[in-house]
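Notes for the one structure printed next.
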Amino acid sequence: MTETTATAGALELLSDEGVSIWLDDLSRRRIESGNLAELVESKHVVGVTTNPSIFQAAIGSVWGSPRSSEAESGGGYEEQLADLAVRGVTVDEAVRMMTTADVRAAADVLRPVYDTTGGRDGWVSIEVDPRLAHETAATIAEAKQLAWLVDRPNVMIKIPATEAGLPAITEVIGLGISVNVTLIFSLERYREVMDAYLAGLEKARERGLDLAEIHSVASFFVSRVDAEIDKRLTVLGTPEALALKGRAALANARLAYEAYEEVFGSAGNQTQPGERWTALAGDRANKQRPLWASTGVKDPAYKDTLYVDELVAPGTVNTMPEATLNATADHGEITGDTVTRGYAQARADLDAVERLGISYDEVVRQLENEGVAKFEVAWHDLLAAVTKSLESKGVDAR
1 MTETTATAGA LELLSDEGVS IWLDDLSRRR IESGNLAELV ESKHVVGVTT NPSIFQAAIG
61 SVWGSPRSSE AESGGGYEEQ LADLAVRGVT VDEAVRMMTT ADVRAAADVL RPVYDTTGGR
121 DGWVSIEVDP RLAHETAATI AEAKQLAWLV DRPNVMIKIP ATEAGLPAIT EVIGLGISVN
181 VTLIFSLERY REVMDAYLAG LEKARERGLD LAEIHSVASF FVSRVDAEID KRLTVLGTPE
241 ALALKGRAAL ANARLAYEAY EEVFGSAGNQ TQPGERWTAL AGDRANKQRP LWASTGVKDP
301 AYKDTLYVDE LVAPGTVNTM PEATLNATAD HGEITGDTVT RGYAQARADL DAVERLGISY
361 DEVVRQLENE GVAKFEVAWH DLLAAVTKSL ESKGVDAR
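Note that my numbering has the sequence shown beginning at 1, numbered continuously upward.
Written out as structure tokens, the structure is:
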């Protein structure tokens, strides 16, 4: 740890560098115990993200592990589930009611942050049903329903960056609903996401909506890129291939930030924004900030704060699992901007991977498909666990 980091604290330095720290986790226990409020107070947490896997761990695992202390107490969900059972709701409705209740409560915890930052932070994200990832109209309808159910100004609806998700992003933004675009792996898709956001803002402006009230982040996934490309580099096994391990994900993310600067501009690097954004900015629109997702390392050989220390840039969000948050607080090394000065090396690293016969396009396409599939599996597991619980109370939850 550097002397500067030790003096100020890595999380404080990270915030001072313009990186918003969001927690990538949520459960009712975390809210009711006061843990979330404590993280906001003491760990510089200014936002929360959720996804189907997080809710499966928070809700579904309670009934999947009957001997755990969480199962014995229902994980904080037992009373609500009993009420839902009495009403004879379907399993889909039960899950929707439980997840939106958690997000609503978390949004209330984060509301002071939202107010004091003028809407920059204080957000809680909830994802549309992952089974709708390839259905545009259904995604739009689900996003509208989730925003209505949570009914908080500081909720972002997560929409996956699939081909079907892009027009949904435009329409939902155009309705004045803030969006967290998730499962972005490729630079090409990221540019399409930014275009979809700008198109949505233009629609919102045409409808007479206040653009200052609409916010968005673009969740660019990090560690999964290294996990897949490193696996292929290991198979090649040459010194050149092994020397590239652990470099592709950072390169990909850094070039994503370069693309962000090309669209939205950057005073620090004298990058002028595009004309399209300049017109929207004149109407008080907010930039769509890059968010680094999947920042917990998957290879134990790497430093556990790798995707925090090496992705510091102004105007970004880093959403961390609690283990990564604690590791950063303990021994993170924040040394200023570690993104914008690395564009040339980033391009060289990705080019070197391609020269070894590893197709970037193939990798990112595979990761997007796997990302959607993993969330679908988690959602089905959650539905199965809640179905089992409802049926134990004599309710046909189909």
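No residue lacks a Cβ here, since even glycine has one placed at the ideal position from N, Cα and C.
Small disclaimer: the values here were computed from a predicted structure and weren't measured.
| Asked | Found |
| --- | --- |
| Candidates E79, L255 and I184, of which the one nearest I59 by Cα | E79 |
| For G174, the first and last residue of its enclosing beta strand (DSSP E) | Run containing G174: none in the beta strand (DSSP E); it sits in the alpha helix (DSSP H), G165 to G174. |
| Pick from T139, G122, P160 and R341 that is closest to L250, judged by C-alpha positions | R341 |
| The region 19–34 touching the region 127–135, judged by at least three CB pairs closer than 8 Å | no |
| Inter-residue spacing [alpha-carbon to alpha-carbon] between A329 and F221 | 22 Å |
| Nearest neighbour of M98, chosen from G265, R189, R29 and L325 [CA to CA] | R29 |
| Distance, D115 Cα to A107 Cα | 11 Å |
| Integer Cβ distance of F375 from S53, believed to fall under 8 Å | 6 Å |
| Distance between L390 and A85 (C-alpha atoms, nearest Å) | 6 Å |
| Sub-8 Å separation of T413 and G332 beta-carbons | The question about residue 413 has no answer, for the chain in this structure spans 1 to 398. |
| Same chain only: Cβ atoms within 6 Å of R247, ignoring 5 sequence neighbours per side | D349 |
| Rounded C-alpha distance that separates V225 from D92 | 32 Å |
| Coil, strand or helix - S389 by DSSP | helix |
| Status (buried if at least 16 other CB within 10 Å, exposed otherwise) for K287 | buried |
| Nearest residue (CA-CA) to L175, options D337, H215, E163 and Q56 | H215 |
| Cβ neighbour criterion (16 or more within 10 Å) applied to L198 | buried |
| Simplified DSSP state of S219, which is helix, strand or coil | strand |
| DSSP beta-bridge partners of I126 | I157 |
| Unbroken alpha helix (DSSP H) run spanning T106, endpoints | The sequence given here has Ala at residue 106, not Thr. Here the alpha helix (DSSP H) through A106 covers V91 to T116. |
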